[in-house]
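Peer 1:
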Amino acid sequence: MIPFLFLINNYISKKFGYKKGLLSIIISSISVTLFIILMSFSLNKVFDFSIYKGELLSYIISQLLNLIIFRYIQHNTKTSYPVVFLSYVFSLIIFHMVYTLSYLDTTILDGYWIRYLLNISIEVIVCICITILDKKVLK
Numbered sequence: 001m002i003p004f005l006f007l008i009n010n011y012i013s014k015k016f017g018y019k020k021g022l023l024s025i026i027i028s029s030i031s032v033t034l035f036i037i038l039m040s041f042s043l044n045k046v047f048d049f050s051i052y053k054g055e056l057l058s059y060i061i062s063q064l065l066n067l068i069i070f071r072y073i074q075h076n077t078k079t080s081y082p083v084v085f086l087s088y089v090f091s092l093i094i095f096h097m098v099y100t101l102s103y104l105d106t107t108i109l110d111g112y113w114i115r116y117l118l119n120i121s122i123e124v125i126v127c128i129c130i131t132i133l134d135k136k137v138l139k
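Count the sequence shown with our numbering and you get residues 1 to 139, in order.
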């Protein structure tokens, strides 16, 4: 899902401007948090923010980084497929690094690298499709 969120945020930034891209990151972060709180309340469970802080932090940091890279590419370089692809992959790797660092005390290292590499591999394949879509849609 994360590569698609990067694509949507890049589209918003290209179509409506950098400030709207930042606003979309803030709105999506708040809406997801409110949805989790609402679902916890409706299921009669206690909401514990410490469970979700890693996902939220990694999402915000990777989205901001993706937006900064996208803006730099848009204004300072010729947007070619490899550059756009590498920006998506770099943002994904940052997402996983921040996520892992925030949950390092609870991460079970048994089979961690297999799951990590499998996840990154699937996301890289998705990023290839998203890069093509990005070049077609965001011209």
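Ideal Cβ positions, reconstructed from N, Cα and C, are used throughout, including at glycine. What you are looking at is a predicted structure, and each value in this text was computed from that prediction instead of being measured.
Excluding five sequence neighbours on each side, which residues of the same chain lie with their C-beta closer than 6 angstroms to the C-beta of residue 66?
Peer 2: Cβ neighbours of residue 66 beyond the five flanking positions: 6, 91.
Peer 1: By DSSP, does residue 78 sit in helix, in strand, or in coil?
Peer 2: Coil at residue 78, not helix or strand.
Peer 1: If you measure from the beta carbon of residue 42 to each beta carbon in chain D, is any gap under 8 angstroms?
Peer 2: Included in the structure is just one protein chain, with no chain D present.
Peer 1: Looking at the structure shown, is residue 84 part of a helix, part of a strand, or coil, going by DSSP?
Peer 2: Residue state, collapsed to three classes: helix.
Peer 1: If you drop the 5 nearest sequence neighbours on each side, which residues of the same chain put their C-beta closer than 8 angstroms to that of residue 120?
Peer 2: Closer than 8 angstroms at Cβ, skipping near neighbours: 92, 93, 96.
Peer 1: Please determine if the stretch 39 to 54 and the stretch 71 to 81 are in contact, where contact requires at least 3 C-beta pairs separated by less than 8 angstroms.
Peer 2: The answer is no - the stretch 71 to 81 does not touch the stretch 39 to 54, with fewer than three Cβ pairs under 8 angstroms.
Peer 1: Using the Cβ count rule (16 or more neighbours within 10 Å means buried), how would you classify residue 3?
Peer 2: Flag for residue 3 reads buried.
Peer 1: Verify whether the separation of the beta carbon atoms of residue 9 and residue 31 is less than 8 angstroms.
Peer 2: No, the pair does not count as a contact, with Cβ atoms beyond the cut-off.
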